[in-house]
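Undergrad:
Protein chains: 4
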Amino acid sequence: MATPVRVGVIGAGRIGQVHAEHLAFRIPEADVRMVADINKAAAEACAERFHIPAATDNVQDILSNPDIEAVIICSSTDTHAQFIQEAAAADKHIFCEKPIDHDLGKIDRALAAVEKAGVKLQIGFNRRFDPNFAEVRRMIEAGKIGQPHILRITSRDPEPPPIEYVRVSGGIFLDMTIHDFDMARYLMGSEVTEIFVAGGVLVDPAIGEAGDIDTAVITLRFENNAIGTIDNSRKAVYGYDQRVEVFGSGGGVVVGNNRPHNAVYSDAEGVHAAKPLYFFMQRYTESFINEMRAFIAAVQNDMPTPVTGMDGRIPVVMGLAAWQSYRENRPVKLSEVE
Amino acid sequence: MATPVRVGVIGAGRIGQVHAEHLAFRIPEADVRMVADINKAAAEACAERFHIPAATDNVQDILSNPDIEAVIICSSTDTHAQFIQEAAAADKHIFCEKPIDHDLGKIDRALAAVEKAGVKLQIGFNRRFDPNFAEVRRMIEAGKIGQPHILRITSRDPEPPPIEYVRVSGGIFLDMTIHDFDMARYLMGSEVTEIFVAGGVLVDPAIGEAGDIDTAVITLRFENNAIGTIDNSRKAVYGYDQRVEVFGSGGGVVVGNNRPHNAVYSDAEGVHAAKPLYFFMQRYTESFINEMRAFIAAVQNDMPTPVTGMDGRIPVVMGLAAWQSYRENRPVKLSEVE
Amino acid sequence: MATPVRVGVIGAGRIGQVHAEHLAFRIPEADVRMVADINKAAAEACAERFHIPAATDNVQDILSNPDIEAVIICSSTDTHAQFIQEAAAADKHIFCEKPIDHDLGKIDRALAAVEKAGVKLQIGFNRRFDPNFAEVRRMIEAGKIGQPHILRITSRDPEPPPIEYVRVSGGIFLDMTIHDFDMARYLMGSEVTEIFVAGGVLVDPAIGEAGDIDTAVITLRFENNAIGTIDNSRKAVYGYDQRVEVFGSGGGVVVGNNRPHNAVYSDAEGVHAAKPLYFFMQRYTESFINEMRAFIAAVQNDMPTPVTGMDGRIPVVMGLAAWQSYRENRPVKLSEVE
Amino acid sequence: MATPVRVGVIGAGRIGQVHAEHLAFRIPEADVRMVADINKAAAEACAERFHIPAATDNVQDILSNPDIEAVIICSSTDTHAQFIQEAAAADKHIFCEKPIDHDLGKIDRALAAVEKAGVKLQIGFNRRFDPNFAEVRRMIEAGKIGQPHILRITSRDPEPPPIEYVRVSGGIFLDMTIHDFDMARYLMGSEVTEIFVAGGVLVDPAIGEAGDIDTAVITLRFENNAIGTIDNSRKAVYGYDQRVEVFGSGGGVVVGNNRPHNAVYSDAEGVHAAKPLYFFMQRYTESFINEMRAFIAAVQNDMPTPVTGMDGRIPVVMGLAAWQSYRENRPVKLSEVE
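As structure tokens, this is what we get:
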């Protein structure tokens, strides 16, 4: 077995812990050397839990550590672009959670730094690594759908995030829909050229007061002439609703929700099955492992990463176009946003 | 049992035969007295087949027959408005196939004639009477969905109509989507205020040359703030695809396709089920019977019909708005079309 | 169109009315001339309802009527064998509800009379004509299952029959399982040689007091070495449960229940679908029409009927073997019963 | 966190590696100290792969190691009873793969040794820990099924084991059905009193020549009067088929197969889904982790194990009764086998 890739994890919050655990226990090809968090206790707890030999509250301890080859950036969004630049300057390969930033200028500077340093960069669009969606992509690539005509994505959360998060999240399109924008590009293998949004505040007026919306239906036009639609809600009472459909000249494929068990119960009232898995931590566990495995493999084998910096940038452009469309109630071309 | 309603059928084409058969054999409360078709042989064949005592090539034979209480208008679309006016003038109750017309002025004159005569009018939006969709409506009315937020309709035909039909059909929105527009209003119990269309010619260039499109994703805004999306294709290789979903604050409901049988076969290649029922004649049989039964019951019991003249008019307005949106690539308010 | 087959219906109870309606309204190739019932009012009500020109309380009026070509025997089971003999003697083709009788001697005399008269006889095993089960049979015949190895039938009623019926029905195996025995032979295309029963009274002690059981698991051995299992219950709280599975060297096929609609509702409690159609009158409507159509076609075209007298006799043998197995708690060969 | 349980793994074959990996990487509460295999290279490879500090070809190295609290017996079946006795004598807690042995005398001696030593023993009936089946058990315990009446288990392998294994496996009932026997007891919460088998060699004559059968339908009678049926095949061309159904006075519950993804593809031929997960290593991964977690927790918290020695013994009695029933073609009481 090749030498494991030596990794530092930046950020020991929820998603940082997920990646740390997977790197530590599920991916023998990785060796987590250090975890950093501005909250030192959080870094230490994470280190202890996942048998990581060092914890710090100073990111520089990771960036300046010559032993570390790659960093996993899981800190808050506003730090992503800066840490990417610093990590690139320190010649570390980089996995960074989405989004890179909400500001295209910052993104471009970060990507330029990566380009200049010649390090690898992978953005955390984990859903591409979900077995269901990956199968859809495989079918499309295998020609089973023929020419794609229509894409449908349903993406609904079980409950809205806290209002304080809503205020800084960049709003639904940059926080939540951004995953669906990536999924759209990934599945169709074609770029979106124009976006139209119909949205509103139907779930909770407080979301509107925070400057966001909570419900949206988004129309996408693709370069290959296909048409897509995404529907989002911040609150589905039955849990996380993550479905995708691609329809084309040769057939169609539909992906439904995953459930905790498949027991189907019949009684005098009807036939009953389990709700979908509750939220992304349950639903996308396997994809989180797979994306990390793919990043480690790319570093280890000096291969391109499967989700590039441009893959991280374009959904932000789409999110900005979506906001403009929502505000102006008209279709907006992505080229208008640049 | 009350005296059966004496009925004349106008038009012995495909849908005329369907209604004639149901009235003759499935609905004891109806008594078909005469069938008319400009092709007399067609009228006679229909009469013989369904034990109808009289056939004619002259609609006036029906309209002037004092014995006939109600007419079923199944002739070509361009004759609907005129026959409605004549039937109203002759004091007949009227069932008319959709659409009433493509011209709002003609529709308004026809509806005015109905109003003046005080006869009943029911428009042939049969899908409302499908057990699946009716169940969705019942759930919404029962409050199981809570406040509706998102409506999704998928409506795809197994193959495009003949090009000669495409040329006179009024185009996809007035011919095909019109059913989905009606379904949207019926399910949501709220009017659409604005429509946005993204469409194209992806199935067959000949459809584009005939002035129509064959693929569309349509966004609807409702008065109650809900948002809807319809996707249409003229050709699904796997057959007639007729699905609906309503999502709201209290839950969601999804309706899938009906199949000729439910046998599921597993072999070394996978797990295989039957395609959906091929087209509307197979898929909506039950709804055709139910709508006719509802019309006959409305006449017999002097009750309002369940699909009114306004229910026939509004989807035409929606179709015209959809065309305008498509041409101008912008959301169009229904109020702009009037 | 060929001249319709002139039919007399014997018995205007529940199933008699079903067949009368189908022959009158759904099968143009049939012409119901007369209906007989010992309860004359029932015969007359049936005649009026389905536009049958004559009603009688005397079966002889049908049997002696030279205008009538075929009879549909829907009277009580104890009259079947006698009416078959009389109808054969009167040179009428015969459709007879199952079972022919519970006594093999009587069955044999009836079949001998049919044989001698050279008339057609079809027994009312309607489930063969259900689209789901017919598809399973087609798959087996087409070789998609390969060599059949295992057959599974689940057959559960929504509620037990009245105790007075239980007392005269011949018991669960001759009343209820008899349909499953026929299904087993029909699907497998092979005869059963041995039967083992494990059964009991789990639903209602009154059934046991009436000399019957209400729950059974039955093992079948087939001549082709396949093995089958049937499970029966007189009471499934969720409704009529009618499933079948055939497994073989080339694959497997499973048939599930039919439902009144396919709407699937998700709420905070789970995902909910409709119960199966309530009972045989709802579930097997289409099969009742199809079996009658097949009988009429056999008469009209002078073809063999699809369910012969022997097809009526063998499931009775199986039912008797099942009772013997239950009483003696051992596998019983069909050859022991003769 | 409490001190991890120090574990030795005996046997580094297929299932030994599975348990070693889970203990090493998935269960922080366990600390694997040593792995033994008569093939030393296998032990060493396993140790290296899962970061286990010691490997040996001598089981005594584990048994005599005072540092080790618990052993995981994954060696060949013929060694189980002996190793249980030795481990008990060495005061180790014991997890042992099923079956304990095919000989009841040996089993009893092993259980007596466990009893005398007062150590914990858990038998490897992993399927109890599958989320689907566990949910069925929960439903039954919660009273949702009411009084259980009928149990159905379908258990089919994707392909037969090698003939050399068939010769020593104890045959289908002790090797394969034994899992289903355990499932039957576990779900129903009631003991089986009598077994009837109909079986044969339908898959491969070589299996018959090796003294085994490959297809069986097994009837179970329970103390609580419920009736069960299991169907087994050594070869389902579509993969591992693992389904369960429990039906009772209050309702029914059905568990189907798990699939690698839920993408459903429709084309001109039909609607297609993925085959079930291929075999037990794929299908039951989660249950293997859960059973090991349960064992470690029982040791750590000094609680009873969830699958006891008697739970290991009774399915062997059932397997022996099944063989006797097959040979004598009659129902056999479990009390006859003792």
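Protein chains in written order, with my numbering: chain D, 1 to 338; chain A, 1001 to 1338; chain H, 2001 to 2338; chain W, 3001 to 3338.
Glycine included, C-beta positions come from ideal geometry on N, C-alpha and C.
(1) Anything in the region 2236-2247 of chain H with a Cβ closer than 7 angstroms to a Cβ of chain D? List those residues in chain order, please.
(2) Any beta-carbon of chain A closer than 8 angstroms to the one on L202 (chain D)?
(3) Between the C-alpha atoms of D1061 (chain A) and I1068 (chain A), what's the straight-line distance to the nearest angstrom?
(4) Check for me: the alpha helix (DSSP H) holding I3038 (chain W) runs from which residue to which?
(5) Among the residues of its own chain, which have a CB less than 6 angstroms from the CB of A3321 (chain W), if the five just before and after it don't count?
(6) How long is the line joining the alpha carbons of E2269 (chain H) and P2276 (chain H), rounded to whole angstroms?
(7) Beta-carbon separation of I3230 (chain W) and I3218 (chain W) under 8 angstroms?
(8) Do the region 2044-2060 of chain H and the region 2017-2025 of chain H make contact, defined as three or more Cβ pairs closer than 8 angstroms?
(9) Going along chain A in order, which residues have a C-beta closer than 9 angstroms to the C-beta of A3270 (chain W)?
(10) Locate the beta strand (DSSP E) running through Y3265 (chain W), then write down its first and last residues.
(11) Helix, strand or coil for G2228 (chain H), going by three-state DSSP, please let me know.
(12) Just grab the DSSP bridge partners of R1152 (chain A) for me.
(13) Would you please verify whether the beta carbon of G2256 (chain H) is less than 8 angstroms from any beta carbon of chain A?
(14) How many Å lie between S2249 (chain H) and A3236 (chain W) at the Cα?
(15) Once DSSP output is grouped into helix, strand and coil, what is the label at A30 (chain D)?
(16) Is it the case that the region 3304-3318 of chain W contacts the region 3105-3123 of chain W, given that we only count it when at least three CB pairs across the two stretches are under 8 angstroms?
(17) For Q3085 (chain W), count the other beta carbons within 10 Å of its own beta carbon; 16 or more makes it buried, fewer makes it exposed. Which is it?
(18) Do you know how far the Cα of S1076 (chain A) is from the Cα of H149 (chain D)?
(19) Let me know the secondary structure DSSP gives C968 (chain A) once reduced to three states.
(20) Rounding to the nearest angstrom, what Cα-Cα distance links N290 (chain D) and M2281 (chain H) in this structure?
(21) Quick check: is the beta carbon of S2155 (chain H) nearer than 8 angstroms to any beta carbon in chain W?
(22) What residues of chain A sit near G250 (chain D), judged by a beta carbon separation below 8 angstroms?
(23) Given a threshold of 16 other Cβ atoms within 10 Å of its Cβ, counted over all protein chains shown, does E223 (chain D) qualify as buried or as exposed?
(24) Closest to F3083 (chain W) by CA distance: which of W:T3177, W:L3121, W:A3047, W:A3216 is it?
(25) Using beta carbons (cut-off 8 angstroms, strictly below), is V3005 (chain W) in contact with chain D?
(26) Can the beta-carbon of T3215 (chain W) be found less than 8 angstroms from the beta-carbon of V3197 (chain W)?
(27) Are the Cβ atoms of P2004 (chain H) and D2031 (chain H) separated by less than 8 angstroms?
(28) Would you give the residue range spanned by the beta strand (DSSP E) that I2052 (chain H) belongs to?
(29) Applying a beta-carbon distance threshold of less than 7 angstroms, which residues of chain D neighbour V3136 (chain W)?
(30) Which chain A residues are close to M2139 (chain H), counting only those with a beta carbon under 8 angstroms from its beta carbon?
(31) Taking 8 angstroms as the cut-off, decide whether the C-beta atoms of I2107 (chain H) and V2071 (chain H) are in contact.
(32) Please return the same chain residues whose Cβ sits closer than 6 angstroms to the Cβ of A2210 (chain H), not counting the five positions on each side in sequence.
(33) Does any residue of chain D have a CB that is nearer than 8 angstroms to the CB of R3026 (chain W)?
(34) I'd like to know whether the C-beta of V3253 (chain W) is nearer than 8 angstroms to at least one C-beta of chain D.
(35) Between H:A2088, H:E2115, H:R2152, H:A2089, which lies nearest to G2228 (chain H) when the distance is taken from Cα to Cα?
(36) Just to confirm the assignment, what range does the beta strand (DSSP E) spanning I3123 (chain W) have?
TA: Taking the structure as given:
(1) V2237, Y2238
(2) yes
(3) 10 angstroms
(4) Here I3038 (chain W) belongs to no alpha helix (DSSP H), and DSSP marks it neither H nor E.
(5) I3195, V3332, L3334, V3337
(6) 21 angstroms
(7) yes
(8) yes
(9) In the sequence under discussion, the amino acid at residue 3270 (chain W) is Gly, which differs from the Ala named in the question. Within chain A, the residues near G3270 (chain W) are Y1238, Y1265, H1272, A1273, A1274, K1275.
(10) 3264-3267
(11) strand
(12) A:T1229, A:E1245
(13) yes
(14) 7 angstroms
(15) strand
(16) Result yes; three or more Cβ-Cβ pairs closer than 8 angstroms.
(17) buried
(18) 31 angstroms
(19) Nothing can be reported for residue 968 (chain A): it is not among the residues displayed for chain A, which extend from 1001 to 1338.
(20) A straight line joining the alpha-carbon of N290 (chain D) with that of M2281 (chain H) spans about 52 angstroms.
(21) no
(22) V1237
(23) exposed
(24) The shortest C-alpha separation from F3083 (chain W) is found at W:L3121.
(25) no
(26) no
(27) yes
(28) It is not in any beta strand (DSSP E) - I2052 (chain H) carries neither H nor E in the DSSP assignment.
(29) What V3136 (chain W) touches in chain D: A263.
(30) A1263, Y1265
(31) no
(32) Excluding residues within five positions, the ones whose Cβ falls inside 6 angstroms are I2163, V2166, R2167.
(33) yes
(34) Yes, because at least one Cβ of chain D sits closer than 8 angstroms to the Cβ of V3253 (chain W).
(35) H:R2152
(36) 3121-3123
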